[in-house]
Amino acid sequence: MASSHGVQLGVYNNGAPAVGYTGSSSEYWALAAIQQAEYQAAQQEEKRQARLRRAQRYWTIFYNVLTVGELVYFLVGLYMVQWQVADLVDNPLLGPGNVGVVNLGGTDTQRIVDKYQYWRLLTTLFYNAGAIHLTANLGMTWTFGHFLVREFSPFIVVFIWFAAGLAGVIFSANIGSENRTAGASAPAFALAGAATLMLVVRWRKYTWHIASCVVVCLIVGVNAFVGATPFVDNSGNTAAFVFGGVLCLGFLLIRRRQADGKGRECLVYGSAVVAVLVVLAAIIGGLVGLWLDTPIGGCCNVWVCTPSSWWDCDASRIWPTECTYTSYINGTAVLTCPRGQAIVIGFVNGTAAVEQVTQWCSSYCDITGLPGSGGSAGGVSGGGSGGGGGGTSGGVLRLR
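Numbering (UniProt numbering), first residue to last: 1 to 400.
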């Protein structure tokens with residue numbers, strides 16, 4: 001057979017090169033060793049390409065199933081609200097409003113804590129707030145997932161997608177407890193975090209560094225802008241991004257084959273285990289926080305939904321479900337709605353019955369989860385209390 005150097009190699013016959021070989025025996029064996037190394041390298045590359053094709057095929061199957069499932073889930077949600085899309089001010093992502101998110105299993109901390117609907121932490125992983133949200137999430141999942149399967153097994157990529165996404169959703173339920181959200185973007189951000197860390201850690205392996213950075217920043221930036229709208233929680237997306245990077249680091253450490261000594265090898269594997277335990281601790285800690293009813297609400301509302309003149313963050317708020325009726329000694333009655341609007345009813349003879357307060361709540365207060373109208377709490381209630389003067393008598397009507 002011919003080598004890459006153009007020397008005709010023969011086969012040794014009783015310790016001597018075959019007829020046709022003109023070089024020395026030492027050169028013969030050197031060229032034979034080179035050919036053997038090239039042949040083994042070609043075989044390894046062929047096996048690597050076969051593994052890559054198989055991994056991409058498995059990932060494509062998962063992605064197609066995910067796409068069909070989320071699309072059907074979204075269409076069923078539209079069907080349940082009679083194909084009604086919310087106003088662009090309430091939901092600029094072309095999807096249903098508050099009622100649709102609740103009925104289709106979106107994140108609702110109040111229902112998770114009070115009614116033990118922990119299944120929402122799983123269903124929200126597959127629910128999108130609108131058509132734009134669905135398109136953005138599936139695009140990011142395909143882009144970063146297709147990149148990661150070149151380095152990891154597709155099963156590891158799916159594990160990162162699910163585990164880091166679940167941790168992000170649980171983080172969202174604790175931090176953004178005052179808003180109803182769709183959490184399908186959390187797993188997509190988990191893959192984005194893993195891919196970003198992969199690019200940083202293995203920087204020298206890849207080319208077109210500037211182009212890669214621009215593409216990653218553009219995709220993540222666009223989806224972060226989508227996450228700033230109502231019914232999407234950027235706090236959960238950020239947490240999933242970080243947890244995805246942590247899991248990716250752990251699996252990269254496990255894959256390392258070179259270690260200088262047993263102590264260093266133990267350190268590498270120990271660091272990988274710690275990375276995985278960090279995500280597991282976040283999941284368990286978040287579940288415990290929900291079980292103990294200790295969500296942090298109100299501190300990070302700007303992180304959950306960024307106020308803008310293009311949309312109304314109050315559209316996704318979980319408002320209190322109680323009306324407060326107060327009658328003053330001068331006969332003035334003030335009704336405080338669930339959203340805090342204080343409405344002066346007028347002069348009431350005595351204390352109103354529960355049925356009357358219920359009627360007032362239905363007539364004057366907006367308790368359906370859509371943006372309410374009416375005067376502010378401070379201005380209206382201030383006038384009422386000024387006229388009232390002395391003590392008050394009243395009660396709270398809790399609506400369920």
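Yeah, the Cβ is synthetic: ideal placement off N, Cα and C, and Gly gets one too.
From residue i to residue j, what does the alpha carbon distance come to, in whole angstroms?
i           : j    : result
V65         : V101 : 22 Å
A173        : P307 : 20 Å
A272        : A37  : 34 Å
L206        : T196 : A small fix is needed here, since residue 206 is Tyr in this sequence, not Leu. Rounded to the nearest angstrom, the two C-alpha atoms are 12 Å apart.
Y118        : L290 : 9 Å
V253        : V72  : At residue 253 the sequence reads Leu, which differs from the Val that was named. Distance between the alpha carbons of L253 and V72: 38 Å.
G270        : A129 : 40 Å
I210        : V200 : 12 Å
Y28         : A164 : 56 Å
T67         : W203 : 31 Å
Q40         : R51  : 16 Å
A315        : Q44  : 57 Å
I219        : I345 : 52 Å
N103        : G77  : 8 Å
C299        : D233 : 14 Å
M198        : V169 : 23 Å
E46         : W59  : 20 Å
T107        : F159 : 21 Å
residue 431 : R255 : What is shown of the chain runs 1 to 400, which leaves residue 431 out entirely.
W161        : G221 : 19 Å
residue 401 : L335 : What is shown of the chain runs 1 to 400, which leaves residue 401 out entirely.
F126        : T135 : 13 Å
I61         : G69  : 12 Å
R111        : S309 : 30 Å
I34         : R150 : 29 Å
S212        : Q84  : 40 Å
H146        : E265 : 30 Å
G97         : T181 : 10 Å
G369        : D87  : Unreliable placement is indicated for G369, whose pLDDT of 39 sits below 50; the coordinate value is still reported in the next sentence. The straight-line gap from Cα to Cα measures roughly 14 Å.
S327        : F171 : 42 Å
residue 451 : L280 : What the structure shows of the chain is the stretch from 1 to 400, and residue 451 is not part of that stretch, so it cannot be assessed.
S363        : P187 : 42 Å
W208        : E322 : 58 Å
G105        : G244 : 24 Å
residue 401 : Y63  : With the chain running from 1 to 400 in the structure shown, residue 401 is simply not present.
V288        : H133 : 30 Å
Given residue i, which residues of its chain have a CB within under 8 Å of its CB, disregarding the five upstream and five downstream residues?
i           : result
A131        : F74, L93, L94, G95
residue 439 : Within the shown structure, residues of the chain are numbered from 1 to 400, placing residue 439 beyond reach of any answer.
N301        : G176, E178, N179, C313
D293        : V113
V216        : A192, A195, T196, L199
A42         : none
Let me know if residue i comes out buried or exposed under the rule of 16 or more other beta-carbons within 10 Å of its beta-carbon.
i    : result
L191 : buried
I296 : exposed
S25  : exposed
E178 : buried
Q82  : exposed
Y79  : exposed
A360 : What sits at residue 360 in the sequence shown is Trp, not Ala. Buried, by the Cβ-count rule.
C248 : buried
S373 : In this prediction, S373 has a pLDDT of 35, which is less than 50 and means its spatial position is unreliable; what the coordinates show is noted afterwards. S373 should be labelled exposed.
R317 : buried
C365 : buried
I343 : buried
S185 : buried
A333 : buried
I284 : exposed
To the nearest whole angstrom, what separates the beta carbons of residue i and residue j, a pair I think is in contact under 8 Å?
i    : j    : result
G286 : G236 : No, G286 and G236 are not in contact; Cβ-Cβ is about 10 Å, not under 8 Å.
L275 : G250 : As written in the sequence, residue 275 is Ala, which differs from the Leu given in the question. Indeed they touch by this definition, with Cβ atoms about 3 Å apart.
V278 : V226 : No, V278 and V226 are not in contact; Cβ-Cβ is about 27 Å, not under 8 Å.
L148 : A194 : 6 Å
A224 : C305 : Actually they do not touch by this definition, with Cβ atoms about 12 Å apart.
Taking 6 Å as the limit between beta carbons, can you name the residues of its chain near residue i, skipping five residues before and five after?
i    : result
G390 : Any reading at G390 needs caution, since the residue's pLDDT is 38, under 50, leaving its predicted position unreliable; the model's value is listed next. So the list reads I329, once near-sequence residues are dropped.
V214 : none
T189 : The amino acid at residue 189 is misidentified as Thr; the sequence shows Phe. Here the set comprises N237, A240, F241.
W319 : P338, R339
T109 : A173, S177, P295
Kindly list the residues whose CB is nearer than 7 Å to the CB of residue i, restricted to its own chain and excluding five residues on each side of it in sequence; keep chain order.
i    : result
W303 : N234, S235
T143 : I219
Notebook entry, point to check: Looking at C-beta atoms only, is the number of pairs between the stretch 49–60 and the stretch 151–163 that lie closer than 8 Å three or more?
Noted result: yes
Next item on the list: Examine the Cβ distances between the stretch 138–150 and the stretch 116–123 and report whether three or more of them are shorter than 8 Å.
Entry: no
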